[in-house]
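Quick note, the sequences are listed as chains A and B, same order. Quick note on the working numbering: the first sequence kicks off at 1 and runs consecutively. Quick note on the working numbering: the second sequence kicks off at 263 and runs consecutively. Taking it in order: structure first as structure tokens, then the write-up.
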Amino acid sequence: MMDKIITSKIIKDTIENECVKTIMFNHAEPIEPGQFYMIWIPGIDEIPMSVSVIQQKKKGITFRTVGKATKALFQKTKNDIIGIRGPYGNGFSLKGEKILFVAGGTGIAMIAPAVEQAIKKNKVVDVILGAKTKKDLFFINRLKQTKATMHLSTDDGSIGFKGFATEKANELLLTNSFDAVYTCGPELMMKKLYQICLKSNIIFEASLERYMKCGVGLCGQCVVGKGIRVCVEGPVFSKSMLKDIPDFGVFNRDASGKKQLL
Amino acid sequence: MLASGIMDEDAGSMLRVLESGAGAVVTKSIGQVQRKGHPNPTFVELDCGILNAMGLPNPGIDEYITELKELKKQNGIIIGSVFGSNAEEFTEVAFKMNAYVNALELNFSCPHAEGYGLEIGQNPKFVSEITSSVVNAVSVPVYVKLSAQVNDIASIATAAEEAGANAIVAINTLKAMSINLEVKKPILGNKTGGYSGKAIKPIGVKAVYDLYDHLSIPIIGVGGVETGLDAIEYILAGASSVQIGTAVYTRGIMVFDRICKEITKWMESHNVQSISDLIGVAH
Ligand SMILES: Cc1cc2nc3c(=O)[nH]c(=O)nc-3n(C[C@H](O)[C@H](O)[C@H](O)COP(=O)(O)OP(=O)(O)OC[C@H]3O[C@@H](n4cnc5c(N)ncnc54)[C@H](O)[C@@H]3O)c2cc1C
Ligand SMILES: Cc1cc2nc3c(=O)[nH]c(=O)nc-3n(C[C@H](O)[C@H](O)[C@H](O)COP(=O)(O)O)c2cc1C
Ligand code: FES
Numbered sequence: 001m002m003d004k005i006i007t008s009k010i011i012k013d014t015i016e017n018e019c020v021k022t023i024m025f026n027h028a029e030p031i032e033p034g035q036f037y038m039i040w041i042p043g044i045d046e047i048p049m050s051v052s053v054i055q056q057k058k059k060g061i062t063f064r065t066v067g068k069a070t071k072a073l074f075q076k077t078k079n080d081i082i083g084i085r086g087p088y089g090n091g092f093s094l095k096g097e098k099i100l101f102v103a104g105g106t107g108i109a110m111i112a113p114a115v116e117q118a119i120k121k122n123k124v125v126d127v128i129l130g131a132k133t134k135k136d137l138f139f140i141n142r143l144k145q146t147k148a149t150m151h152l153s154t155d156d157g158s159i160g161f162k163g164f165a166t167e168k169a170n171e172l173l174l175t176n177s178f179d180a181v182y183t184c185g186p187e188l189m190m191k192k193l194y195q196i197c198l199k200s201n202i203i204f205e206a207s208l209e210r211y212m213k214c215g216v217g218l219c220g221q222c223v224v225g226k227g228i229r230v231c232v233e234g235p236v237f238s239k240s241m242l243k244d245i246p247d248f249g250v251f252n253r254d255a256s257g258k259k260q261l262l
Numbered sequence: 263m264l265a266s267g268i269m270d271e272d273a274g275s276m277l278r279v280l281e282s283g284a285g286a287v288v289t290k291s292i293g294q295v296q297r298k299g300h301p302n303p304t305f306v307e308l309d310c311g312i313l314n315a316m317g318l319p320n321p322g323i324d325e326y327i328t329e330l331k332e333l334k335k336q337n338g339i340i341i342g343s344v345f346g347s348n349a350e351e352f353t354e355v356a357f358k359m360n361a362y363v364n365a366l367e368l369n370f371s372c373p374h375a376e377g378y379g380l381e382i383g384q385n386p387k388f389v390s391e392i393t394s395s396v397v398n399a400v401s402v403p404v405y406v407k408l409s410a411q412v413n414d415i416a417s418i419a420t421a422a423e424e425a426g427a428n429a430i431v432a433i434n435t436l437k438a439m440s441i442n443l444e445v446k447k448p449i450l451g452n453k454t455g456g457y458s459g460k461a462i463k464p465i466g467v468k469a470v471y472d473l474y475d476h477l478s479i480p481i482i483g484v485g486g487v488e489t490g491l492d493a494i495e496y497i498l499a500g501a502s503s504v505q506i507g508t509a510v511y512t513r514g515i516m517v518f519d520r521i522c523k524e525i526t527k528w529m530e531s532h533n534v535q536s537i538s539d540l541i542g543v544a545h
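Here is the structure:
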């Protein structure tokens, strides 16, 4: 087993917007877009974070400040030490030749390396980056450098399409013939997309978030459906797996295991 | 059977474990009220075992009953694990669980939760008082889960037996710590945790061996069982059955089915007809 914490100095930190930051560290082990690390912020917490930058010897994570751990991580800069274990979970299958990626909010972080990987595999890619408002978006320039066709969508119309990313996706799905939809973002957004994709036999995969402790399938904290561990069998689930997850879009569990409605 | 605290937060997980070959599952330890547990990191991998400091997270008995109700619809053997800080707390939770479980397991052995578990379980008087209070309040068999980190496990187990316990479960994780050299601080959020897995097996085997000499009630062995051969070693020491925790991580969720097959194979190659012929043979 290689689940030991490896401590690493931060080699670069980049502010993406007011409350989103990217941190780079040395980590040679290969990782697939969609997989995640458990990131130890010494003295504070250990939290799951998807990989957002994949280079041969270096990897990166990109996160939004929402609470104590992410705020502490946001304060960290070059040469500060963090602990890393993983990679954990599975990645997107990236099946299909014509692909639509739909990223909502912080979901952009893990969709970005997936888009880059799909382009590298010569797929035809459309990507929707959705957020409440323009200043919440990030990675626009990074993705513009790829051959992907970009669509921006904001709830308030401050940039790009005005409305929900799901409405934009529906529009694209009606006017194009995609083989696959890959998504990460708010669960209710993903549920809506799932319902749209259920109507055809298009490939659909969504990345779920659940409270995590061990990250290795032992403690049972992150389970959905009938003992399906998001940290091991997920976080990416296909349409057929999602059919067996009645929790999807309905509830998750807090650190005590108590159900909370979404 | 599945040990307490592993893949047992909800009905779905326990069903999956039963379908993976476990003969019974023990629920995570449940208390009177909701508890978030200790902050992460709650899990650390070490060279020959793991360290955890979950801190008895649970949604509280009233909420957990909904999971037990769901589970009862299926046909599995469910053992409800209970923790508390005194007889009243233990008895209330045990009483509420009684209708939904096949047996109860009293956690006198968690090494990393202040005021609970081992802090009570090292005192034979508390163990006796709490056990008899629970035994009097419920109709199902009551198991008592003990730690090996006590002066004399046999005297505590004897106190439990005399108070009416139907079986002894031994052992829980052992108090331990891991410090990161770069950060120069303990890794676990709670600093102290419990050590489990392969490394603790000889300690568990010794505890079971000692208990077998002193008790007439059955003993359930737990601690570092990863293979069928580990299980047989516990049985030779005096265990009637074994529980499996950490091996769910090291060998995957199908470990139950794999261990059963390994036991059968060993029995066949050694001409053993019934597993009960092996109990306590090492004495
Ligand atoms: C597989 C996975 C990948 C993730 N990838 C990213 C990412 O790339 N970028 C990003 O910004 N966020 C990501 N997250 C979410 C991130 O883990 C949480 O935002 C973070 O843990 C919040 O911690 P906090 O202390 O700052 O906030 P808190 O105030 O503690 O909590 C805020 C929210 O975060 C959730 N949270 C807190 N601790 C955990 C935990 N241990 N596990 C899961 N959720 C938790 C809480 O349930 C709550 O909903 C991911 C989560 C998962 C499960
Ligand atoms: C993550 C984890 C959580 C645990 N939670 C509990 C618990 O809630 N109650 C309990 O009695 N024991 C708990 N234990 C202890 C186990 O039930 C078992 O006694 C111990 O891990 C030794 O067995 P093993 O080596 O097979 O893991 C926990 C162990 C682990 C690893
Ligand atoms: S976080 Fe422990 S099982 Fe997934």
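Glycine residues also receive a C-beta, built at the ideal position from the N, C-alpha and C atoms. Since we're looking at a predicted model, the values are computed, not measured.
Any idea which residues DSSP pairs residue i with across the strands?
i        : result
Lys447/B : Asn442/B
Gly104/A : Gly130/A
Pro33/A  : Gln35/A
Cys184/A : Ala103/A
Phe237/A : Ala206/A
Leu143/A : Note: Leu143/A sits in no beta bridge, so no partner.
Pro48/A  : Met38/A
Tyr405/B : Glu367/B, Ala429/B
Gln260/A : Asn252/A
Quick check on residue i: does DSSP put it in helix, strand or coil?
i        : result
Lys9/A   : strand
Cys214/A : coil
Asn413/B : coil
His374/B : coil
Phe345/B : coil
Cys522/B : helix
Ile151/A : Before going further, note that residue 151/A is His rather than Ile in the sequence given. Strand.
Leu368/B : strand
Cys197/A : helix
Leu477/B : coil
Asn122/A : coil
Met269/B : coil
Ala284/B : coil
Val306/B : strand
Arg513/B : coil
Pro87/A  : strand
Thr454/B : coil
Met1/A   : Note that Met1/A scores a pLDDT of 47, beneath 50, so its modelled location is shaky and nothing firm can be said.
With hydrogens ignored, establish whether the beta-carbon of residue i is closer than 7 Å to any heavy atom of ligand 2.
i        : result
Ala509/B : yes
Asn314/B : yes
Ser371/B : yes
Val487/B : yes
Ser440/B : no
Lys407/B : yes
Lys290/B : yes
Val484/B : yes
Thr435/B : yes
Return yes when at least one heavy atom of ligand 1 lies under 7 Å from the C-beta of residue i, else no.
i        : result
Tyr211/A : yes
Phe36/A  : yes
Lys71/A  : yes
Val102/A : no
Lys68/A  : yes
Met24/A  : no
Met276/B : no
Asn533/B : no
Asn122/A : no
Using 7 Å as the cut-off, classify the Cβ of residue i as near or not near the heavy atoms of ligand 3, replying yes or no.
i        : result
Gln221/A : yes
Gly267/B : no
Leu218/A : yes
Please name the residues in the segment 349-372 of chain B whose beta-carbon is closer than 7 Å to at least one beta-carbon of chain A, in chain order.
-> The residues in question: there are none.
Would you be able to state if there are at least three C-beta pairs under 8 Å between the segment 328-344 of chain B and the segment 487-497 of chain B?
-> Touching, no, given that fewer than three Cβ pairs across the two stretches are closer than 8 Å.
Chain-ordered residues of the segment 495-513 of chain B with a beta carbon less than 9 Å from chain A | So the close ones are Gly507, Thr508, Val510, Tyr511, Thr512.
Give the residues from the segment 219-247 of chain A that approach chain B closer than 7 Å (Cβ to any Cβ), ordered along the chain.
-> Cβ contacts with chain B: Cys219, Gly220, Gln221, Val223, Gly225, Lys226, Gly227.
Are at least three pairs of beta-carbons, each pair with one atom in the segment 68-79 of chain A and one in the segment 186-206 of chain A, less than 8 Å apart?
-> Result no; under three Cβ-Cβ pairs closer than 8 Å.
Inter-stretch contact at 8 Å, needing at least 3 Cβ pairs: the segment 172-192 of chain A / the segment 98-107 of chain A = As far as the Cβ criterion goes, the segment 172-192 of chain A touches the segment 98-107 of chain A, which means the pair count is three or higher.
Contacting positions in the segment 37-60 of chain A - beta carbon closer than 9 Å to chain B = Cβ contacts with chain B: Met38, Trp40, Pro42, Gly43, Ile44, Asp45, Glu46, Ile47.
At least 3 beta-carbon pairs within less than 8 Å: the segment 280-294 of chain B vs the segment 236-246 of chain A | Contact fails between the segment 280-294 of chain B and the segment 236-246 of chain A, because fewer than three Cβ pairs, one in each stretch, are under 8 Å apart.
Answer yes if the segment 399-407 of chain B comes into contact with the segment 425-441 of chain B, meaning at least three C-beta pairs across the two stretches below 8 Å, and no otherwise.
-> With the cut-off at 8 Å, the segment 425-441 of chain B and the segment 399-407 of chain B touch.
Stretch-stretch touch, CB-based, cutoff 8 Å, three pairs: the segment 513-531 of chain B with the segment 468-485 of chain B | The segment 513-531 of chain B is not in contact with the segment 468-485 of chain B.
How do the segment 17-34 of chain A and the segment 48-64 of chain A stand: do at least 3 beta-carbon pairs fall below 8 Å, yes or no?
-> Touching, per the Cβ criterion.
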